[in-house]
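First comes the structure, then the notes that go with it.
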């Protein structure tokens with residue numbers, strides 16, 4: 026693959042991660058059945074996608090997801106951690122169930 030192809034793929038990856046950050050967080054939490062902090066999200070995105078997002082972007086997304094009722098935030102030690110609410114679980118299940126339809130939007 027040429028470097029220009031790699032650049033195009035990286036640009037698309039950045040756009041997808043930025044535009045669908047809330048869904049990626051939702052699914053990550055759903056499949057890992059636990060709670061995590063904003064730092065954990067940043068590390069996951071770096072490890073999985075090779076992207077460095079600003080903490081402000083991630084924390085803003087987490088806050089909005091909490092306000093929308095997808096996440097519940099709480100203090101653990103000195104960190105704020107997040108877990109899925111019932112509404113968040115239902116949304117993750119709907120995404121998984123309709124994955125084929127969602128992917129068809131890109132074709």
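Numbering (the numbering used here), first residue to last: 26 to 132.
Glycine included, every Cβ here is placed at the ideal spot set by N, Cα and C.
Three or more beta-carbon pairs under 8 Å between the stretch 79-90 and the stretch 51-63, yes or no?
Judged by pairs of C-beta atoms under 8 Å, the stretch 79-90 touches the stretch 51-63, as three or more such pairs exist.
Judging by CA-CA distance, which residue of 38, 59 and 79 is the nearest neighbour of residue 106?
The candidate whose alpha carbon is nearest that of residue 106 is 59.
Please list the terminal residues of the continuous alpha helix (DSSP H) segment that includes residue 118.
It spans 111-122 - the alpha helix (DSSP H) in which residue 118 sits, taken as one unbroken run.
Let me check understanding here. Comparing Cα to Cα, which of 124, 109, 131 and 94 lies closest to residue 57?
The residue with the shortest Cα to Cα distance from residue 57 is 109.
With residue 103 as the anchor, note down where its alpha helix (DSSP H) starts and where it stops.
Unbroken run through residue 103: none, as it is neither H nor E.
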